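Quick note on numbering: my numbering labels position 93 of the sequence shown as 93, and the sequence is numbered without any gaps.
Using N, Cα and C, we set each Cβ at its ideal position, and we do this for glycine too.
All of these numbers come straight from a predicted model, not from anything done at the bench.
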Amino acid sequence: MSALLIIAGTDSSGGAGLTRDIAAATAMAQLLPPFAQRSPALRPVVTAITVQTDTALEEIRPTPPETIQSQIRAAAATGPISAVKIGMVGSAMAAKAIAKALAHSVPETCPVVLDPVLRSSSGGQLMQVADLKPLIARATLITPNLQEAAQLAPSASNRQPDSPEASGIALQARQLQEAGADAVLIKGGHGGGAISVDQLFFGDTHVRYDRPRLQRGRRGTGCTLATAIAVQLMAGQNLDQACAHAGDYVHEWLKEVAA
1 MSALLIIAGT DSSGGAGLTR DIAAATAMAQ LLPPFAQRSP ALRPVVTAIT VQTDTALEEI
61 RPTPPETIQS QIRAAAATGP ISAVKIGMVG SAMAAKAIAK ALAHSVPETC PVVLDPVLRS
121 SSGGQLMQVA DLKPLIARAT LITPNLQEAA QLAPSASNRQ PDSPEASGIA LQARQLQEAG
181 ADAVLIKGGH GGGAISVDQL FFGDTHVRYD RPRLQRGRRG TGCTLATAIA VQLMAGQNLD
241 QACAHAGDYV HEWLKEVAA
């Protein structure tokens, strides 16, 4: 059976983190084509325990890096890992520990989806930009929102494009690819206008996903999308298809509270 390794923190409110990842993976598996519709084994790795509500981050208790590595080793020893989703990391030492453990325990061909969680949606700083460098270098896909992309690629954000096609977002994506990520999906949910635009960059390819902007958001959206993409990749979908199907799923999930 295929297995999804989920590396993230806990959220006592249940709105994000590992709880949301597991729910998203289970739901996404039920929407796969019949030939691929098998619920993946879910192997969670806890990077931190957070104390938070829907509106406030009160406390973070990081997991020791050596314990994170041990969890990854044990998960891989249980059986082959088909995909990896990384959410909240917690510290620079944890990021290095995760990168090292993946190098030893997960095949290089295994897709890794990195949701670069810098702040919690309930408020509070969780991670510094520089701390994520080892994981960006390992990522098959990194999924920042507009604010995270600007923080992760500040020099690109401040550059003037040398052509109309070289938008600030394209330059940010290019910088993240130069940092090692194979592909970048910059999410437009925090932008303005009637249409929310997610933009995928891989190689020289650029794909837009346009969806009507909804009036209400929901905590755990980033967790949900990254996990859904990872499940799609496990099922053999290509990157474009995985991002499209996962984005459509998240849009429908958001509509449940936007109506």
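{"Item": "Within 8 Å, strictly: CB atoms of glycine 220 and leucine 254", "Value": "no"}
{"Item": "Neighbourhood of alanine 183 by C-beta distance below 7 Å, restricted to the same chain and skipping five residues each side", "Value": "Thr140, Leu141, Leu200, Phe201, Phe202 and Leu239"}
{"Item": "Residue(s) in a DSSP beta bridge with leucine 4", "Value": "Leu42 and Ala83"}
{"Item": "First through last residue of the beta strand (DSSP E) which encompasses histidine 206", "Value": "205–212"}
{"Item": "Which of helix, strand or coil DSSP assigns to arginine 61", "Value": "strand"}
{"Item": "Spatial distance of proline 134 from leucine 146 (CA atoms)", "Value": "21 Å"}
{"Item": "Per DSSP, the bridge partner or partners of isoleucine 169", "Value": "For isoleucine 169, which the question treats as bridged, DSSP gives no partner whatsoever."}
{"Item": "Reduced DSSP secondary structure (H/G/I, E/B, other) of lysine 10", "Value": "In the sequence as presented, lysine is not what sits at residue 10; that position holds threonine. If DSSP states are grouped into helix, strand and coil, threonine 10 belongs with the strands."}
{"Item": "Valine 231 - containing alpha helix (DSSP H), residue span", "Value": "221–234"}
{"Item": "For serine 82 and valine 106, the rounded distance between their alpha carbons", "Value": "9 Å"}
{"Item": "Cβ-based burial, histidine 261 [other Cβ within 10 Å; buried from 16]", "Value": "The structure shown has nothing for residue 261, since the chain only spans 1 to 259."}
{"Item": "Given serine 2 as reference, the closest of His245, Val257 and Met234 once Cα atoms are compared", "Value": "Met234"}
{"Item": "Bridge partner(s) assigned by DSSP for alanine 183", "Value": "Leu141 and Phe202"}
{"Item": "Neighbourhood of alanine 173 by C-beta, 7 Å cutoff - its chain only, sequence neighbours within 5 removed", "Value": "Val184, Ile186 and Phe201"}
{"Item": "Burial state of aspartate 162 (16 or more Cβ within 10 Å)", "Value": "Low confidence applies to aspartate 162: its pLDDT is 43, below 50, so where it sits in the model is not reliable enough to give any reading."}
{"Item": "Classification of histidine 104 by the beta-carbon crowding that lies within 10 angstroms, buried from 16 upward", "Value": "exposed"}
{"Item": "Leucine 18 - containing alpha helix (DSSP H), residue span", "Value": "17–30"}
{"Item": "Exposed unless 16 or more other CB atoms sit within 10 angstroms - verdict on glutamate 148", "Value": "buried"}
{"Item": "Cutoff 7 Å; reference threonine 224; Cβ partners in own chain excluding five residues on either side", "Value": "Arg20, Ala24, Val250 and Trp253"}
{"Item": "Coil, strand or helix - arginine 216 by DSSP", "Value": "coil"}
{"Item": "Cβ shell of isoleucine 136 (< 8 Å), same chain only, five flanking positions each side left out", "Value": "Leu114, Pro116, Ile142, Leu152, Leu176, Ala179, Gly180 and Ala181"}
{"Item": "For leucine 171 and arginine 138, believed in contact at Cβ under 8 Å, the rounded distance", "Value": "Not a contact, Cβ separation roughly 22 Å."}
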